[in-house]
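Below: one structure, written as structure tokens.
Residue numbers (our numbering), protein chains in the order written: chain A, 327 to 829; chain B, 52 to 376; chain C, 3 to 326.
Put into structure tokens, the structure is as follows:
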């Protein structure tokens, strides 16, 4: 075994449960390997056995309190499939409308509060400013209050349709439980218009603050934050992104369609690998094969993120978003884009699309119809439901008995798709910034975090640091495991180094 | 750390989905009021203080710790005990911390079955060597540790004593702010109380009409088109409302879905599932076939104890039986 | 003497004018009803034949003071056997209504609602076989709410409502949760559960033992069996069963009556629904479903309940599985 020292970053925040990064250095101080561990497991795939399939939207949405609606939608689509029932058009539209309002809220939360501050305020800005308050200071109170209002309004929209924003209800196999009244529809239309405006505002902000900044653009395009992987996303019949329904399309690192499959075929294309050092599994493309934590055409590693969806699709289904989509690729040198940090930009394009799509649906003449349920008549057996979660393609696969009680459950979750890419991105960033002889600084810490934060990992809450920023501790051990140095960055960004003698 | 008169608060998530942290954020502009009144010393969901910061605090340094999530792993237990030592008051915040919540249904299965299903059986998993994640693992570069996955899910109150509980999955925003306001003002009831909710059952908040109809058969919500104005139970749709604590504002009922009990049992009720069963079987029609009614409740544990299994008498009995084996 | 108008001129006429009392004069005192009646077996003063006779003899005060009209629970075991087709429980109720109007009160214990705990959820009203509970608006702690109220004149003190109430807001005096718990714990019986023979707790309905021999057998059971009598198996809240098991009892047996023979109309059906669901839940949990048992004793089942209990005791003794 090579002699190594281990740097442990613990905890990484905004993980469901907790995550930790272990960086192993060789004797010369070069990064040999990093391990990104997920220490959390609750076992939904087992304890859902025996549950009635119509309860699965409510049950599986407790997998994540940030994107419960994603699991909810995948679950209800799987339940429809289990019952071989087709909901009336209005029911599907109501569901899709609720889903798009949720997408606006979730993407906005990530950009303004979670990952975005790195750009809006800047990767080298004082750590104490890299949070929503720093964002508000940078963009001004006027825009800041618009952000908060947008969040409140989208939460209200989801609650109108689904009762509440966190853990909504209201779907049943065969449809939804409540029609939309004209009064509600008018309010939803109003909120959706606000979402479109807000999407445009956000993209303008990104342009002014990020795209006009040469340093940021260089960072986005840098090799340290680039991986050439396969890309996955749900597309409609015209190969345009759709979050609620469609087929899964995968393109290769050159942007060519590799495969397009329907829900029932997912097992032919996706496999998951287990490693003993983390509770989270590693999905990969079965027909390419697992070649390790490497990218490229020969590796089955794929990504499922807003960036991936843009790469996998031929365009966006709404006009304003489509215009931005074209600008995006023009600016970054054509399709596909491999720059991980460009995901932030892609996310805002999706935010705009969601607003436009929600508006389309809110103005649809069928949306207030009371024909919202088809009572299932077939004997339930098996079904797969796939949606795009904000963080990636989400698959729910159910096998039930003849009463519709779950016998077997298989879930391939949004962020899980990205577990291997996250490991790779973190390692590449660490290798790029931790060099022999170079002092370990707070900038280093932040860049390692940025590599992972771009994926908007779905084990996180919707907010980022409030006052202060992300304190970190790095402990350096020698070969015998003795602690030699503790490097700390506190909430105000002050970095202190304490040597063993002082400890 | 804070040399002022501000309240010192910690918000922590154990085996959690993050929803209870989002629930704190949902108080919206009141977050600024919170920030004015309190210093949040530890909130991994939103503020990245480390465990070592907590370890460095003197005992009872934190005034109030809002602890969400249940205890499922050794890390959860460790941090629960750490925060208990460092906090004057500990609040079991949200259904997981209070009563185990939906992940508590994992107690229907044993640890081995869960690991086997997740890592070996699921159809998309390719694991020819039968690898299962381990608490300690040697990799070519060194050693890696993972927290131990325990045999059962437990509410935090079973691992450390807590002073108060806030039910809900998650607690609704208006109640969350009410609790925070009470904490800030120092106006808390005697220790042991449930905060942020009423005492009686959800039926008190429900505007649906009850006309005395008794149940001829139990139906599942997707099998019928329910009358939106009538009581669910009177239509034969199992609703946990009668045995669920009021306080959420009945959002689910409002959009046409029956309650599933996320606010836990009403005041004075120890076992939510037993009480719910007692109530729903008492309103059956004299002509109905009892055995058919029993078979129509297709998943009794999962329905009657959806959120409260870990905290129930039924669960206690199971643990006793397991101990004797 | 024939009267041409409908005004009752005698007690008998008064009763016959009351809804339910119309067929009084058909009774020819055969006594078949008494032979079927369970109440008469333990309370000889309770006698529907005599009561009907007393009415026909215009013995007003004696009738009102007799327990029969107050204790008749409309179990209707008698009705199918009356050769004259008289609905005797309806008749008893008619006489009771006359008594109530005359200012008499039911001597039975009654259910009581705790107004602070009650939410007006109305489960109790639907659970009560006698329509003795209904909601009324009341101001409590400054707020107007709908609260359940008991009509004493209708309440048969069966306790079905007390178990049904999900807030434990209703008590029936002699069979409150506290009294039941005290009966279980009397003589430190539960403490002794930790050592010695495995404990069997029997919740027995008061009406399912027809023969003197059975009643005697029940008082001669071994020390590791405790019998708690309740008016009706419908009084048994599943919480009691779980509490007992959690406290170390090995087996809980709930004994009721056959459907159609329940002294309080539907209590046994309610108990059946609860107990069988409890069994299913034990199976779901991978627990020993034998720990909860429910038996319905029929009018013809001589010796069955004591035998069932003794079988349980024997099975536990020979079982190699460690129990409490």
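Beta carbons: idealized from backbone N, C-alpha and C, even for Gly.
Only a predicted model underlies this, so the values are computations on that prediction, with no experimental measurement involved.
Inset, instruction - Spell out whether any CB of chain B is found under 8 Å from the CB atom of residue 233/C. - result: No, residue 233/C does not count as interfacial toward chain B.
Legend entry - Closer than 8 Å to chain B by CB, residue 620/A: Chain B, which has no Cβ nearer than 8 Å to the Cβ of residue 620/A, makes this no.
Legend entry - Host alpha helix (DSSP H) of residue 517/A (start-end): Its alpha helix (DSSP H) spans residues 508 to 532.
Inset, instruction - Quick one: using the 10 Å Cβ neighbour count with 16 as the cut-off for buried, is residue 760/A buried or exposed? - result: Buried, by the Cβ-count rule.
Inset, instruction - Please classify residue 128/C: is it buried, with 16 or more other beta-carbons within 10 angstroms of its beta-carbon, or exposed? - result: By the 10 Å Cβ count, residue 128/C comes out buried.
Inset, instruction - Closer than 6 Å by C-beta to residue 635/A: which residues in its own chain qualify, once you throw out the five before and the five after it? Chain order, please. - result: These residues qualify, in order along the chain: 559, 567.
Inset, instruction - Please say whether residue 217/B and residue 324/B have beta carbons closer to each other than 8 Å? - result: In this structure, residue 217/B does not lie closer than 8 Å to residue 324/B by Cβ.
Inset, instruction - Answer yes or no: does any C-beta atom of chain C fall closer than 8 Å to that of residue 265/B? - result: Chain C contact via Cβ: present.
Inset, instruction - Any chance you could list the beta strand (DSSP E) runs of at least 3 consecutive residues sitting entirely within the segment 115 to 197 of chain B, in chain order? - result: Complete beta strand (DSSP E) runs here, min 3: 122 to 124, 138 to 144, 187 to 190, 193 to 196.
Inset, instruction - Count the other C-beta atoms from every protein chain shown that fall within 10 angstroms of the C-beta of residue 540/A, then say buried if there are 16 or more, exposed otherwise. - result: Label assigned to residue 540/A: exposed.
Inset, instruction - Anything in the segment 107 to 127 of chain C with a Cβ closer than 9 Å to a Cβ of chain B? List those residues in chain order, please. - result: Residues 118, 119, 120, 121, 122, 123, 124, 125, 126, 127.
Inset, instruction - Just the chain B side, please: which residues come within less than 8 Å of residue 485/A by C-beta, in chain order? - result: Within 8 Å Cβ-Cβ: 302.
Legend entry - Enclosing beta strand (DSSP E) for residue 150/C [first to last residue]: Going by DSSP, residue 150/C is part of the beta strand (DSSP E) stretching over 145 to 152.
Legend entry - Simplified DSSP assignment, three categories, for residue 409/A: Reduced to three states, the DSSP call for residue 409/A is coil.
Inset, instruction - For chain C, find out if any of its Cβ atoms is closer than 8 Å to the Cβ of residue 209/B; answer yes or no. - result: So no, residue 209/B is outside the interface.
Legend entry - Buried/exposed call for residue 797/A, threshold 16 Cβ in 10 Å: Note that residue 797/A scores 41 on pLDDT, short of 50, meaning its location in the model is unreliable and no value can be drawn from it.
Legend entry - Separation of residue 249/B from residue 795/A, as counted between CA atoms: For residue 795/A, the predicted structure reports a pLDDT of 33, less than 50, and the residue's modelled location is therefore unreliable. The matter cannot be settled from this model.
Inset, instruction - Residues of the segment 130 to 158 of chain C with a CB closer than 7 Å to any CB of chain B: list them in chain order, please. - result: From the segment 130 to 158 of chain C, no residue has a Cβ closer than 7 Å to chain B.
Inset, instruction - Indicate the three-state DSSP secondary structure (helix, strand or coil) for residue 64/B in the structure shown. - result: The answer is strand: DSSP assigns residue 64/B an E or B state.
Inset, instruction - Count the other CB atoms, across all protein chains shown, that sit within 10 Å of the CB of residue 714/A; report buried if there are 16 or more and exposed otherwise. - result: Counting Cβ neighbours within 10 Å, residue 714/A comes out buried, since at least 16 surround it.
Inset, instruction - Give the C-beta separation of residue 131/B and residue 122/B to the nearest angstrom, bearing in mind that I take them to be a contact with Cβ-Cβ under 8 Å. - result: So it is a contact: roughly 6 Å between Cβ atoms.
Inset, instruction - Compare the C-beta of residue 257/C against all C-beta atoms of chain B and say whether one is closer than 8 Å. - result: It does not: the Cβ of residue 257/C has no partner Cβ on chain B nearer than 8 Å.
Inset, instruction - Identify each residue in the segment 599 to 618 of chain A for which the Cβ-Cβ distance to at least one residue of chain B is less than 8 Å, and report them in chain order. - result: Those residues of the segment 599 to 618 of chain A placed with their C-beta closer than 8 Å to a C-beta in chain B are 599, 600, 601, 602, 603, 604, 605, 607, 609, 612, 616, ordered along the chain.
Inset, instruction - Could you spell out the range, first to last residue, of the beta strand (DSSP E) harbouring residue 90/B? - result: Taken as a continuous stretch (DSSP letters only), the beta strand (DSSP E) holding residue 90/B covers 89 to 93.
Legend entry - Rounded separation between residue 368/B and residue 247/C - CA only: Here the alpha carbons of residue 247/C and residue 368/B stand approximately 7 Å from one another.
Inset, instruction - Report yes if the CB atom of residue 182/C is closer than 8 Å to the CB atom of residue 152/C, and no otherwise. - result: Against a cut-off of 8 Å, the Cβ pair of residue 152/C and residue 182/C comes out as no contact.
Legend entry - Beta carbon of residue 326/B nearer than 8 Å to that of residue 168/C: Yes, the pair counts as a contact, with Cβ atoms nearer than the cut-off.
Inset, instruction - Quick one: using the 10 Å Cβ neighbour count with 16 as the cut-off for buried, is residue 67/B buried or exposed? - result: Classification for residue 67/B: buried.
Legend entry - Contact set for residue 307/C: own chain, Cβ-Cβ below 6 Å, skip 5 residues either direction: Counting only Cβ-Cβ distances below 6 Å, and skipping sequence neighbours, we find 257, 299.
Inset, instruction - For my contact list, residue 134/C and residue 156/C are in at a C-beta cut-off of 8 Å; report their separation, rounded to the angstrom. - result: Right, their Cβ atoms sit about 4 Å apart.
Inset, instruction - Taking only the alpha-carbon atoms, compute the straight-line gap between residue 50/B and residue 228/B and give it to the nearest angstrom. - result: Nothing in the structure corresponds to residue 50/B, since chain B is present only between 52 and 376.
Legend entry - Stretch-stretch touch, CB-based, cutoff 8 Å, three pairs: the segment 400 to 418 of chain A with the segment 744 to 758 of chain A: Look at the beta carbons and you see the segment 400 to 418 of chain A not touching the segment 744 to 758 of chain A: under three pairs across the two are nearer than 8 Å.
Inset, instruction - List the whole-angstrom C-beta distance separating residue 738/A from residue 596/A, where the pair is believed to meet the contact cut-off of C-beta under 8 Å. - result: Indeed, because the Cβ distance is near 6 Å, the residues count as touching under 8 Å.
Inset, instruction - Indicate whether at least one CB of chain B lies closer than 8 Å to the CB of residue 753/A. - result: No, no contact with chain B.
Inset, instruction - Taking residue 80/C and residue 54/C to be in contact with their CB atoms under 8 Å, please state how far apart those CB atoms are, rounded to whole angstroms. - result: Between residue 54/C and residue 80/C the Cβ distance is about 11 Å, and since that is not below 8 Å, they are no contact.
Legend entry - Reduced DSSP category for residue 787/A - H, G, I as helix; E, B as strand; rest coil: Any reading at residue 787/A needs caution, since the residue's pLDDT is 27, under 50, leaving its predicted position unreliable; the model's value is listed next. Annotated three-state conformation of residue 787/A is coil, per DSSP.
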